[in-house]
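Participant:
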Amino acid sequence: MKRALITGITGQDGAYLSKLLIDKGYKVFGTVRRSTSEKFVNLKYLNVYNKIKFYDFDLLELSNIQNVIKETKPHEIYNLAAQSFVPTSFQVPIVTTDINSLGTLRILDSINSINKKIKFYQASTSEMFGKVAQIPQSENTPFYPRSPYGVSKIFSHWITINYRESYNIHASSGILFNHESPLRGSEFVTKKITSTLTRIKYGSKETLRVGNINAKRDWGFAGDYVYAMWLMLQKKNPDDFVISTGKTHSVRQFIDLTLSYLKFDYKWVGKGMNERVVNKEDGKTIMKIDKEFFRPAEVDLLIGNPSKAKRQLKWKPKTSLKQLVKLMVDYDENQIKNA
Ligand code: NAP
Ligand code: G4F
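Residue numbers (this note's numbering): 34 to 372.
If you want it as structure tokens, here you go:
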């Protein structure tokens, strides 16, 4: 039986990857940071919670990482743990760097000293392209990060390549573009839009407040993307791959898709910071712009070129943005109905 160790198993990708690996017959070990609140909602939702063995773990603690690797003896390690929210990285840049950059190095160095045969997956990101040097972005596009998060992930990306080249470790980086799902953290823009607008549709009096609605992202479905992670570790040789849909949409378009799916009768009014969405049925403002959600430096446009993954991994995205919005809103509606 193959054994996989997943760091960050309580997050969005951790849940979908656990399900995929358990369905493939793996024994899955998951790492969890101690907390006083419930962390296992995602894993329980996908019915995998009871099949996973959990370990207390923090990427900040080297001896802890080494002990978990020694105990679980994994064939594959998927390093999904990170401080993954870009705005928070401006608030706590040093902690973000310690977790995301040095945390990755701590795992790689542990693999190098404990068992070089362990295969390693690093969760790299399209945020590394930042102020993009090419459109679309591929594995060869130069990096120009725009946040401490993006900078921290470039270190982890290159240290993964360095350990692969220096010590012959099967270490791969997936440069994943934004991927979303019903299990996406509530602070990320897609989930914030679908969950708030759904609550408003069901009678909540709140207003959706967002920042830069002109930012464009290449959004895919997390369930499709974790399959690419697994494929990378099954390849004979380790490598780096862009995983994306090859299509880009603005936050504004994502709001439109959500409003349409929820069957709002609405109109956009105003300009710039005063732009808002009004519900034509009762004249109420359901979305407005709030400067609180703008960032010190923005990534304006992301669109990935997934050709290498299509060619070499035989991977392609299966879920359109419209289907993704449906998945997310249907889940949000069920949450309200079952509350
Ligand atoms: P997520 O939902 O934010 O999950 C992050 C996970 O990391 C959580 O389980 C979190 O645990 C854990 N974690 C945070 N700090 C830790 C620490 N110091 N030690 C151990 N665990 C820690 O992220 P995601 O969306 O699933 O993304 C997975 C990975 O892919 C991340 O590395 C992210 O940066 C990267 N990525 C994501 C996307 C995307 O669009 N989703 C795109 C490209 C790359 P707690 O519950 O304790 O906080
Ligand atoms: O949903 P977001 O917070 O995702 P962001 O910053 O692109 O980062 C996500 O994707 C990365 C991959 O490229 C991952 F590496 C990272 O871990 C994370 O998963 O914001 C998307 C866009 C930004 O341009 C932001 O300025 O939406 C814009 N936005 C506009 N209003 C907002 C809001 N973002 C958030 N979170 N909240 C808003 O109210």
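All residues carry an ideal CB built from backbone N, CA and C; glycine is no exception. Only a predicted model underlies this, so the values are computations on that prediction, with no experimental measurement involved.
Between the Cα of S205 and the Cα atoms of D272, I319 and N211, which residue gives the shortest distance?
Facilitator: Closest option to S205, Cα to Cα, is D272.
Participant: Locate the beta strand (DSSP E) running through L209, then write down its first and last residues.
Facilitator: It spans A204 to L209 - the beta strand (DSSP E) in which L209 sits, taken as one unbroken run.
Participant: Suppose you measure from the CA of T130 to the CA of L209; what does that come to, to the nearest Å?
Facilitator: C-alpha separation (whole angstroms): 19 Å.
Participant: Would you tell me roughly how many angstroms separate the C-alpha atoms of A48 and D257, rounded to the nearest one?
Facilitator: If you take the alpha carbons of A48 and D257, they lie about 13 Å apart.
Participant: Run the CB neighbour count on G218, radius 10 Å, all protein chains shown included, and call it buried at 16 or more, exposed below.
Facilitator: G218 should be labelled exposed.
Participant: Since I believe S159 is in contact with A330 (beta carbons under 8 Å), could you give me their beta-carbon distance rounded to a whole number of angstroms?
Facilitator: Rounded, the Cβ-Cβ distance is 15 Å, inconsistent with contact.
Participant: Whose C-alpha, out of K86, K52, I369 and K35, is nearest the C-alpha of T229?
Facilitator: Closest option to T229, Cα to Cα, is I369.
Participant: Using DSSP with H/G/I as helix, E/B as strand and the rest coil, what is Y299?
Facilitator: Y299 falls in the strand class under three-state DSSP.
Participant: Can you tell me the Cα-Cα spacing of K84 and K52, whole angstroms?
Facilitator: For K84 and K52, the distance between alpha carbons rounds to 9 Å.
Participant: Which residues bound the alpha helix (DSSP H) around G183?
Facilitator: P181 to Y200 is the extent of the alpha helix (DSSP H) around G183.
Participant: Under the three-state reduction of DSSP, which class applies to K52: helix, strand or coil?
Facilitator: Helix, per DSSP.
Participant: Could you give the distance in angstroms between the alpha-carbon of Y299 and the alpha-carbon of K313?
Facilitator: Each residue's Cα considered, the two are about 5 Å apart.
Participant: Let me confirm a value: E325 is counted as buried when at least 16 other C-beta atoms fall within 10 Å, else exposed. Which label applies?
Facilitator: Classification for E325: exposed.
Participant: Relative to the C-alpha of E149, which candidate in Q155, L141 and A156 has its C-alpha closest?
Facilitator: Residue identity differs from the one stated: residue 149 is Lys in this sequence, not Glu. It is L141 whose Cα lies nearest to the Cα of K149.
Participant: Using CA atoms only, rank isn't needed, just tell me which of L264, G305, V310 and F327 is closest to R344.
Facilitator: Ranking L264, G305, V310 and F327 by Cα distance to R344 puts L264 first.
Participant: Quick check: does the Cβ of N211 come within less than 7 Å of any heavy atom belonging to ligand 1?
Facilitator: For ligand 1, at least one heavy atom lies less than 7 Å from the Cβ of N211.
Participant: Between K224 and Y177, what straight-line distance do the alpha-carbon atoms span, to the nearest angstrom?
Facilitator: Roughly 27 Å between the two C-alpha positions.
Participant: For the alpha helix (DSSP H) containing T231, list its first residue and its last residue.
Facilitator: T231 -> alpha helix (DSSP H) spans V222 to K234.
Participant: State whether the region 332-350 contacts the region 159-169, with contact taken as three or more CB pairs (one from each stretch) at a distance under 8 Å.
Facilitator: At 8 Å Cβ cutoff, the stretches touch.
Participant: With hydrogens ignored, establish whether the beta-carbon of V243 is closer than 7 Å to any heavy atom of ligand 2.
Facilitator: Within the cutoff, so yes.
Participant: For A261, tell me which candidate among S68, T121, H212 and G136 has the shortest Cα-Cα distance.
Facilitator: Ranking S68, T121, H212 and G136 by Cα distance to A261 puts H212 first.
Participant: Which complete alpha helix (DSSP H) runs does the region 108-148 hold, if anything under 4 residues is left out?
Facilitator: Counting whole runs of 4 or more residues, the region 108-148 contains the alpha helix (DSSP H) stretches 119-124, 126-130 and 136-147.
Participant: Let me check one thing: in DSSP terms, what residues is S283 bridge-paired to?
Facilitator: Paired residue(s): K249.
Participant: Can you tell me the Cβ-Cβ gap for V259 and K341, rounded? I've got them flagged as a contact below 8 Å.
Facilitator: Not a contact, Cβ separation roughly 18 Å.
Participant: What does DSSP give as the partner residue(s) for Q170 in the beta ladder?
Facilitator: Q170 pairs with G337.
Participant: Is the closest heavy atom of ligand 2 to the C-beta of F188 under 7 Å?
Facilitator: No, the Cβ of F188 stays beyond 7 Å of every heavy atom of ligand 2.
Participant: What residue from N367, F287, V125 and K152 has the CA that sits closest to A115's CA?
Facilitator: Taking only the C-alpha atoms, the option nearest A115 is V125.
Participant: Measuring straight from C-alpha to C-alpha, what distance separates D323 and V243?
Facilitator: The alpha-carbon atoms of D323 and V243 are separated by roughly 6 Å.
Participant: Put R36 into one of helix, strand or coil per three-state DSSP.
Facilitator: Strand, per DSSP.
Participant: My output table needs one value for L346: the three-state DSSP class, helix, strand or coil.
Facilitator: Correct three-state label for L346: helix.
Participant: Does the beta carbon of D46 fall short of 7 Å from some heavy atom of ligand 1?
Facilitator: True, at least one ligand heavy atom lies under 7 Å from that Cβ.
Participant: Using only the heavy atoms of ligand 1, determine whether one of them is closer than 7 Å to the beta carbon of I98.
Facilitator: No; taking the cut-off as 7 Å, the Cβ of I98 has no heavy atom of ligand 1 nearer than that.
Participant: How many angstroms separate the CA atom of Y154 from the CA atom of H190?
Facilitator: Each residue's Cα considered, the two are about 10 Å apart.
Participant: Provide the residue span of the beta strand (DSSP E) that contains L241, from first to last.
Facilitator: It spans L241 to V243 - the beta strand (DSSP E) in which L241 sits, taken as one unbroken run.
Participant: Less than 6 Å between C-beta atoms, sequence neighbours within five positions excluded: which residues of the same chain meet that for I102?
Facilitator: So the list reads S143 and I147, once near-sequence residues are dropped.
Participant: Looking at ligand 2, does it come within less than 7 Å of R309, judged from the CB to the closest heavy atom?
Facilitator: No, ligand 2 has no heavy atom inside 7 Å of this Cβ.
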